[in-house]
Each structure stands twice: as structure tokens, then as C-alpha cells.
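Notes follow the structure.
Numbering (the working numbering), first residue to last: 91 to 307.
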């Protein structure tokens, strides 16, 4: 049996590529969802194969992919701008992504009429209290010692709920001052989270009676 040259048959795989995350070839779209009108499929994806993700949409009819939201100037979540509270939340949810890590569809207009449809848009929470779409639309004043955690839109898109200093707050994205809903979390050593739920009646459109529930631990 002829001997083969070891150098020719061996395949050298750098240690750095073995321990990197995500692994080479394992980058795939995540957080996949449909737009409220069912016309678009949205997802988070990193074209360069890193942890820094952006928001893309895929038009089902035209079969075209489009980059929808990319944090300006390389912004978005990064290890350098994560608060201690956000790091703990990410550890609990096993989240390692950076850049854009979450988004929500805003399906309806923020007008007083629940049945009045609005153009579907995407909400993306960014560092420093920014709530961004294609252009930054809302910025909440915050600092490193008082970060905004876990923001969520109501089912009808008319309100935004978030946790700040362990207390639950809500506000109208179109304007107005934030309103604090819970009190005493720090004194009672409780951790507050957000959860929207919806009452459904035969005579009322789905989502019009969205209510908010505070989850404490």
C-alpha cells in the first residue's frame, strides 16, 4: 500500500474557527414572522455571518428580499452599551445576538378608532431609549443607571409598555408623557416584566381591548 504525504492529505482547521460563534455555515434567519397583512415575511439576519443582525423582509409576491432596518453608524446593541439589567435579561433568554436583536410589527394606527387600519410598520428597540422604524420616531430619556428594559407594543399598536427601575410604565408612541403603573418593586424586592393580553368579544375587533398585565417575581 503506497504511503501518502501527510501534508497533502491533512486538513488544517484553525482553532479560532472551531470556537467562534456562530459557526461557519450555521448562520440562518431568526425571529421569522409575517407582516400583519400577510404580504411580507420579516426576519433577523447577518449577511456577513456575525452576531450583528439586521431586519430584512421578503416579499412573497415578487420574491424579493429587502434590507429594512440597519442601525445607523454600526449602532444597535453591542457589548459596550448593554446595561447590567439588559445583560441579565439576555442571559435568562439565552440571547447572544447583537445589532438588532428584536422587533415588533405595529399593525394599526394609533388613532382613537380601533377599527381604523394603519400602514404596517416595524418597531425596533435600540440603545439609549430609541424606538426606531425606518427613521427614529421616538426617543425616551434614559441613562446607564436607569435603562429601559423589555419594551413591547400593545396588540393594537396604540401603547408602548416597558420596565424601568423595576417598575412598569406605559406611554402613547404618538406623544404624551410616560405613566408609571406599578410601585414599590425595589422596596418589595420584586422584578417586574410586561405581558399584553387581549379580550375578544363577538362585537369587538380583535386587539381593540388590549390590556396590560404586570408579571412580578
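Every residue gets a Cβ at the ideal spot worked out from N, C-alpha and C, and that includes glycine.
| query | result |
| --- | --- |
| Could you check whether residue 236 and residue 255 sit closer than 8 Å to each other, using their CB atoms as the reference points? | yes |
| So which of 146, 196 and 184 has the shortest CA-CA distance to residue 154? | 146 |
| Taking the alpha-carbon of residue 123 as reference, which of 175, 140, 191 and 195 has the nearest alpha-carbon? | 195 |
| Could you tell me the distance, in whole angstroms, from the CA atom of residue 240 to the CA atom of residue 141? | 20 Å |
| How many angstroms separate the CA atom of residue 143 from the CA atom of residue 181? | 18 Å |
| Quick check: what's the CA-CA separation for residue 248 versus residue 137? | 33 Å |
| Can you tell me the Cα-Cα spacing of residue 252 and residue 190, whole angstroms? | 18 Å |
| Quick one, which of 117, 128 and 149 has its alpha-carbon nearest residue 134's? | 117 |
| In terms of residue numbering, what span does the beta strand (DSSP E) encompassing residue 174 cover? | Element bounds for residue 174: not the beta strand (DSSP E) but the alpha helix (DSSP H), 174-182. |
| Tell me, which residues are paired with residue 120 by DSSP? | 134 |
| With DSSP run on the structure shown, which of helix, strand or coil describes residue 202? | Since pLDDT at residue 202 reaches only 41, below the 50 mark, its modelled position is unreliable, and no value is offered. |
| Can you look up residue 104 in the DSSP assignment and give me helix, strand or coil? | coil |
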